[in-house]
Each structure stands twice: as structure tokens, then as C-alpha cells.
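Residues in the sequence shown are numbered from 483 upward in steps of one, following the numbering used here.
Since the structure comes first, as C-alpha cells, the remarks are kept for the end.
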Amino acid sequence: MILMTSNISTQFNELLTKLIDTGVDVGSRILGAVIIYIIGRLLVKWANKLFAKILEKRKVEIGVQMFLKNTVNIILMVMLALAVIGKLGIELTGFAALLASAGMAIGMALSGQLQNFAGGLIILAFRPYKVGDYIESTTGASGTVQEIQIFHTVLVTPDNKVVYAPNGTMSNAICVNYNHKDERRLDFTVSIEYGADYKYVESVIREILEADERIMKTPAPFIELGKLSDNSVDITVRVWVKASDYWTVHFQTNQAIYTTFNERGISFPYPQIVVHQGEANA
């Protein structure tokens, strides 16, 4: 009886020792993983800042900077995650085998995102647009490019809505870039009534255009009689301006034409219907 009690006590001590050793080992692994994670996060943050400074010093285009910084951050975070997993004692070979076995399913699930990633590389390589450009795509997305991310292009609409357009779709769609060129042509149609002195109206329009320094002298403004409509004589006016002045010149020139025409006695047309009344047969 004493011998049996002694054996039970010995086994209990051995089990308790194993539990303590296991607890210490697991605790040390967890503590080490936490320390690696904290230090790793600080190193990742420092590396991201250093990489950002290098890109800024080399004057890399802002859209490329955002894309590269996002990519580097993801790579560093993956490396940190692998380091933490390794410290916890999880075999990376087994972890890799698990990912390999699920590779097909993951690939199918991420196929669209891989297309978006490739689309982002195409956009950065061929640069159909950059951050700050106002674009309009056949996908229906339009707005000012705020950021080119790894998977999406972020647009801000004129009414301050944020649009996330997939890079894969944007790289394959027809895209109109309104800011790619420094100058843009601005078209007006100025309608006057029949009977007005065309030469006088033309001289007044030219006077208005010459007074605006934002309107380029070369190419020279184009003013010609464009169309004889049902109720008006339509004058075609074309001028060249800087892209940044496009809408300002558009609105202010319309206002100047309206004000000046009223001051000079030039009448604007309005729809007219001429009714002929025939005599009834006796």
C-alpha cells in the first residue's frame, strides 16, 4: 500500500513537472511572439517611412508612390506574420503545405483581385492617368483621381462622392483624361436673332475674347457663322485656354457675352411661331 502510494506520488510529480515545463515553454513562445510582433511593427513602420522618404527624394510620381508603399507594406506585414508563426512553434513547412493544398480555392477566390493588381501595374506603367487628373471611363466611373491603390483607383466626384473603381476594369476600359494636356479647346455657340448685324456682333465677341488674358492668342480665337437655325443665327466660337482655367473661362465668358450684348443692344433670339389666318369660303 505504501509502495503504491509512493508510485502515484512519483507519477503526479512527473506530470506536474511536465505541465510546468510545457507551460513555461508555451509561455516563452507566446511572450517571444508578442515581443517579435511589437518590435516588428515598429520596424515595419520605420521601414515604410524610410521607403516613403526615398521615393519622395527621387521625385517619383505620387500615384506610383502610393502603389509601391502599399505593396511594400503588405510584403513586410506578411514577413512579420511568418516570423510570429515560426516563433509560436508552428511548422512553416506544414503551414506552406496547407496553403498549397488550398491554393486552387484561394486562386479562384482571388482571381479578380489578381486581375486588379495586374491592372494597377499596367496603369502605373503606361500612365493613362495620374493622381489629380479628372477622368471619365466607359465603365461609368468619373471624377478626380485621388489615389491609385493596389487593387482600386479611388476617384472623387464633383459632388464629393468617393468611387472605388477596380484597376482591372479601368485598365481595359476607354478612359477620357481631361487633364493630360496642358491646354484645352473651349467651344461656344452664340445665338443671335435674324436681322442682326453679323459683322458688328462678331467684332463685339472678338472684343470680349481679347479682353480676357486667360484666352490664348495662339491658336487665335475662331469666330464664324456656324448655322442658320429655325429661330436663330448660330455663331461658332472656339478658343484655347489652359486646362486649369477651362471652367472658369467657360462660365465667365458666357456671363460677359450676356452682359455686353444687353449693353450694346444685341438681342438674343427666342422661339417664334408665325400663324397665317386664311379667309373662310363664302
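Note that beta-carbon positions come from the ideal geometry of N, C-alpha and C, so glycine has one too.
Sub-8 Å separation of Glu-673 and Ile-604 beta-carbons: The count along the sequence shown starts at 1 and reaches residue 673 at position 191. The count along the sequence shown starts at 1 and reaches residue 604 at position 122. At residue 673 the sequence reads Ser, which differs from the Glu that was named. No.
Contacting residues, own chain, Cβ-Cβ under 7 Å from Glu-689 (five flanking each side not counted): Within the sequence shown, residue 689 is the residue found at index 207, counting from 1. Taken in chain order, the list of residues that qualify is empty.
Sorted by chain position, which residues of the same chain lie with C-beta nearer than 7 Å to Thr-742's C-beta, five sequence neighbours on each side aside? What you label residue 742 is simply residue 260 of the sequence shown in a count that begins at 1. The answer, listed in chain order, is Val-686 and Ile-690.
In chain order, what are the residue ranges of uninterrupted beta strand (DSSP E) at least 3 long that sit wholly in the stretch 659-741? 665-674, 704-710 and 715-724
Over the uninterrupted beta strand (DSSP E) stretch that includes Gly-625, give me the two end residues. Within the sequence shown, residue 625 is the residue found at index 143, counting from 1. Counting along the chain, the beta strand (DSSP E) containing Gly-625 begins and ends at 624-630.
How far does the beta strand (DSSP E) with Ser-619 in it reach, from first residue to last? Here residue 619 is taken as the residue at index 137 of the sequence shown, counted from 1. Ser-619 -> beta strand (DSSP E) spans 616-619.
Return the residue from the list Ser-714, Gln-628 and Gln-631 that minimises the CA-CA distance to Phe-750. Counting from 1 along the sequence shown, the entry for residue 750 is found at position 268. Among Ser-714, Gln-628 and Gln-631, the Cα nearest to that of Phe-750 belongs to Ser-714.
Counted within 10 angstroms of its Cβ, other Cβ atoms place Val-721 as buried (16 or more) or exposed: Locating residue 721 in the sequence shown gives position 239, counting from the first residue. Classification for Val-721: buried.
For the beta strand (DSSP E) containing Thr-635, list its first residue and its last residue. Within the sequence shown, residue 635 is the residue found at index 153, counting from 1. Per DSSP, Thr-635 belongs to the beta strand (DSSP E) from 634-638.
Is the Cβ-Cβ distance between Thr-651 and Thr-671 less than 8 Å? If you number the sequence shown from 1, residue 651 lands on position 169. If you number the sequence shown from 1, residue 671 lands on position 189. Result no, Cβ atoms of Thr-651 and Thr-671 do not sit closer than 8 Å.
With a threshold of 8 Å on Cβ separation, who are the neighbours of Val-719 within its own chain once the five nearest residues in sequence on each side are excluded? Start at 1 with the first residue of the sequence shown, and residue 719 comes out as number 237. Asp-669, Phe-670, Thr-671, Val-672, Ile-687, Leu-691, Pro-703, Phe-704 and Ile-705, listed in sequence order.
Tell me the DSSP secondary structure of Ile-748 in three-state form. Indexing the sequence shown from 1 puts residue 748 at position 266. Coil at Ile-748, not helix or strand.
Between the C-alpha atoms of Arg-746 and Ser-711, what's the straight-line distance to the nearest angstrom? Taking the first residue of the sequence shown as position 1, residue 746 is located at position 264. Taking the first residue of the sequence shown as position 1, residue 711 is located at position 229. Cα to Cα, Arg-746 sits roughly 23 Å from Ser-711.
Length of the line joining the Cα atoms of Asn-744 and Ala-738: To locate residue 744, count along the sequence shown from 1; it is residue 262. To locate residue 738, count along the sequence shown from 1; it is residue 256. Looking at the two C-alpha atoms, the distance is approximately 10 Å.
For Lys-569, which residues of its own chain have a beta-carbon under 8 Å away from its beta-carbon, when the five flanking residues on both sides are left out? Position 87 of the sequence shown, counting from 1, holds the residue named residue 569. Closer than 8 Å at Cβ, skipping near neighbours: Arg-511, Gly-514, Ala-515 and Ile-518.
Pull up the DSSP beta-bridge partners for Pro-648, would you. Taking the sequence shown and counting its residues from 1, the one referred to as residue 648 is at position 166. The partner list for Pro-648 (beta bridge, DSSP) reads His-634.
On a Cα-Cα basis, can you pick out the residue from Asp-716, Ile-697 and Val-645 that is closest to Tyr-676? In the sequence shown, residue 676 corresponds to position 194, counting from 1. Measuring from the Cα of Tyr-676, the nearest candidate turns out to be Asp-716.
If you draw a straight line from the C-alpha of Val-644 to the C-alpha of Leu-637, how long is it? Position 162 of the sequence shown, counted from the start, is the residue given in the question as residue 644. Position 155 of the sequence shown, counted from the start, is the residue given in the question as residue 637. Roughly 6 Å between the two C-alpha positions.
Which listed residue (Val-723, Asp-679, Trp-528 and Gly-708) has its alpha carbon closest to that of Met-698: Working through the sequence shown from its first residue, we reach residue 698 at position 216. The shortest C-alpha separation from Met-698 is found at Val-723.
Spatially closest choice to Ile-521 from Ala-563, Val-731 and Pro-610, by CA coordinates: On the sequence shown, position 39 is the one that residue 521 refers to. With distances taken between Cα atoms, Ile-521 lies closest to Ala-563.
In angstroms, rounded to a whole number, what distance separates the CA positions of Val-757 and Gln-734? Position 275 of the sequence shown, counting from 1, holds the residue named residue 757. Position 252 of the sequence shown, counting from 1, holds the residue named residue 734. Using only the alpha carbons, I get a separation of about 38 Å.
Taking the beta carbon of Pro-648 as the centre, do at least 16 other beta carbons fall within 10 Å, making it buried, or is it exposed? Taking the first residue of the sequence shown as position 1, residue 648 is located at position 166. Answer is buried; the Cβ neighbour count reaches 16.
Just to confirm my understanding: we take Pro-610, look at its own chain, exclude 5 residues before and 5 after, and list those with CB closer than 7 Å. What are they? For the purposes of this step, residue 610 is taken as residue 128 along the sequence shown, with counting starting at 1. So the list reads Cys-657 and Asn-659, once near-sequence residues are dropped.
Nearest candidate by alpha-carbon position, reference Val-748, set Arg-666, Lys-681 and Gln-631: Locating residue 748 in the sequence shown gives position 266, counting from the first residue. The sequence shown places Ile at residue 748, rather than the Val named in the question. Considering only alpha carbons, the answer is Lys-681.
Nearest CA to the CA of Thr-626: which residue from Glu-618, Phe-533 and Ala-678? Position 144 of the sequence shown, counted from the start, is the residue given in the question as residue 626. Out of Glu-618, Phe-533 and Ala-678, Glu-618 has the C-alpha closest to the C-alpha of Thr-626.
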